[in-house]
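For reference, the structure is listed below as structure tokens.
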Amino acid sequence: MSIQTIGVIGAGQMGNGIAHVMALAEYNVLLTDVSQAALDAAIEGIAGNLERQVSRGKVAEADMGAALGRINTTLALSDLGATDLVIEAATERESVKQAIFEDLQPHLQPQTILTSNTSSISITRLASRTDRPERFMGFHFMNPVPVMQLVELIRGIATDQPTYDACRAVVDKLGKTAASAEDFPGFIVNRILMPMINEAVYTLYEGVGNVRSIDQSMKLGANHPMGPLELADFIGLDTCLAIMNVLHDGLADTKYRPCPLLTKYVEAGWLGRKTQRGFYDYR
Ligand code: CAA
Numbered sequence: 000m001s002i003q004t005i006g007v008i009g010a011g012q013m014g015n016g017i018a019h020v021m022a023l024a025e026y027n028v029l030l031t032d033v034s035q036a037a038l039d040a041a042i043e044g045i046a047g048n049l050e051r052q053v054s055r056g057k058v059a060e061a062d063m064g065a066a067l068g069r070i071n072t073t074l075a076l077s078d079l080g081a082t083d084l085v086i087e088a089a090t091e092r093e094s095v096k097q098a099i100f101e102d103l104q105p106h107l108q109p110q111t112i113l114t115s116n117t118s119s120i121s122i123t124r125l126a127s128r129t130d131r132p133e134r135f136m137g138f139h140f141m142n143p144v145p146v147m148q149l150v151e152l153i154r155g156i157a158t159d160q161p162t163y164d165a166c167r168a169v170v171d172k173l174g175k176t177a178a179s180a181e182d183f184p185g186f187i188v189n190r191i192l193m194p195m196i197n198e199a200v201y202t203l204y205e206g207v208g209n210v211r212s213i214d215q216s217m218k219l220g221a222n223h224p225m226g227p228l229e230l231a232d233f234i235g236l237d238t239c240l241a242i243m244n245v246l247h248d249g250l251a252d253t254k255y256r257p258c259p260l261l262t263k264y265v266e267a268g269w270l271g272r273k274t275q276r277g278f279y280d281y282r
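Following this line, the structure appears as structure tokens:
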């Protein structure tokens, strides 16, 4: 199964990062979103990130131009009909993802592989509601996509071997490392990372430390590149809460209870960097 053209659904920070690395690896990319403004912002963001890579000598100037030339955008899901692989990177809400798959699948060729960049939702359940559970799997990138080496590959119960092998070959071509994870809530990375972030929020909630001392402790005391609260702002507090809810519901253990302070921030619309306010104020 040869993959040449990749459809990316969702032009947010994950979707634009995925489009960026795919285009650099010489795949043709068709990026789609519901708003033209989101697509324009994504192309601008990709160009800025590529320029940064050029200025640091990571990418040749000619490769930057070629990569940008390989990314096309569209507002119509139906345009993804001619792609070989689709990566859905829309909002982390199951109903939204399901609606996208329902709208998309009548336009897809039968052999097209459908994947989700979901950070925690059951791949088996998402797959079961599509017309191609054998050719469906989890393709989970880490943020920032151009920098992070890992991609989690998650097979649903019905995923067939050619589908896994084709996705694995794409990860290899990106020069990234694939980790195979079983289809359980949070897979590997978020099963471990999110409870740590949630615990950092509890540490704040209970007054054990303040935002700066908590982050500084984990940066200097555990050698993390970012403190957990800064990282939560970077990922998005709504995404962190959604993942904690998936862990809590799916594993039915109170140790995954989302911290009430995390819920409160999300209810306030303080979602981190993307709204310019989270545990830190970016205004
Ligand atoms: N695109 C391209 N390059 C980028 C980039 C982007 N969006 N963001 C950063 N970079 C590059 C920089 O150009 C720089 O390159 P050089 O090493 O060549 O100089 C390098 O990354 C480091 O960036 P900075 O110097 O600007 O800043 P930094 O040293 O503070 O590193 C960071 C930034 C890479 C984000 C680092 O802080 C880090 O690794 N943080 C932790 C990130 C993390 O844990 N991500 C996983 C989140 S979990 C997840 O994604 C899964 C989920 O489902 C929620």
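Every letter in the sequence shown is one number past the one before it in numbering that gives the first Met the number 0, and letter 194, counting from 1, is 193. The beta carbon of each residue, even a glycine, is placed where N, CA and C say it ideally should be. Treat the numbers as computed from the prediction; the structure is a model and nothing was measured.
Who are residue i's beta bridge partners in DSSP?
i, result
"residue 139", "151"
"residue 276", "271 and 280"
"residue 10", "Looking at the DSSP assignment, residue 10 forms no beta bridge with any residue, so it has no partner."
"residue 114", "86 and 136"
"residue 308", "The chain is shown from 0 up to 282; residue 308 falls before or after that span and cannot be answered."
"residue 71", "29"
Give me the Cβ distance between residue i and residue j, rounded to the nearest whole Å; I'm assuming they're in contact under 8 Å.
i, j, result
"residue 185", "residue 95", "Incorrect: roughly 19 Å between the Cβ atoms, too far for contact."
"residue 2", "residue 83", "5 Å"
Taking 6 Å as the limit between beta carbons, can you name the residues of its chain near residue i, skipping five residues before and five after?
i, result
"residue 141", "147 and 149"
"residue 15", "41, 44 and 45"
"residue 223", "217"
Below 7 Å CB to CB, which residues in the same chain sit around residue i once its five sequence neighbours on both sides are set aside?
i, result
"residue 24", "172 and 173"
Of all the CB atoms in chain D, is at least one closer than 8 Å to the CB of residue i?
i, result
"residue 207", "In summary, chain D is missing from the structure at hand, where a single protein chain is found."
Ordered along the chain, which non-local residues of its own chain (more than five positions away) have a Cβ less than 8 Å from that of residue i?
i, result
"residue 202", "208 and 213"
"residue 37", "10 and 11"
"residue 225", "214, 218 and 233"
Report task. Examine the Cβ distances between the segment 261-272 and the segment 234-247 and report whether three or more of them are shorter than 8 Å. Result -> The answer is yes - the segment 234-247 touches the segment 261-272, with three or more Cβ pairs under 8 Å.
Report task. Answer yes if the segment 99-114 comes into contact with the segment 74-85, meaning at least three C-beta pairs across the two stretches below 8 Å, and no otherwise. Result -> As far as the Cβ criterion goes, the segment 74-85 touches the segment 99-114, which means the pair count is three or higher.
Query raised in the report: Would you call the segment 224-234 and the segment 273-281 touching, i.e. three or more CB-CB distances under 8 Å?
Result: With the cut-off at 8 Å, the segment 224-234 and the segment 273-281 touch.
Query raised in the report: Does the pairing of the segment 130-141 with the segment 152-172 give three or more beta-carbon distances under 8 Å?
Result: A contact between stretches requires three or more CB pairs, one per stretch, nearer than 8 Å, and the segment 130-141 meets this requirement with the segment 152-172.
Query raised in the report: Counting pairs of beta carbons, one from the segment 9-16 and one from the segment 29-40, are three or more of them closer than 8 Å?
Result: A contact exists between the segment 9-16 and the segment 29-40.
Query - In chain order, each alpha helix (DSSP H) run of at least 4 residues that lies wholly inside the segment 195-230 - result: 210-221, all fully within the segment 195-230.
Report task. Spell out a yes or no on whether the segment 242-258 and the segment 196-206 are touching, meaning 3 or more CB-CB pairs, one atom from each, closer than 8 Å. Result -> Taking 8 Å as the limit for Cβ pairs, the verdict is that the segment 196-206 does touch the segment 242-258.
Query raised in the report: Could you give the uninterrupted runs of the beta strand (DSSP E) lying entirely in the segment 0-47, keeping only those of 3 residues or more?
Result: Counting whole runs of 3 or more residues, the segment 0-47 contains the beta strand (DSSP E) stretches 4-8 and 27-31.
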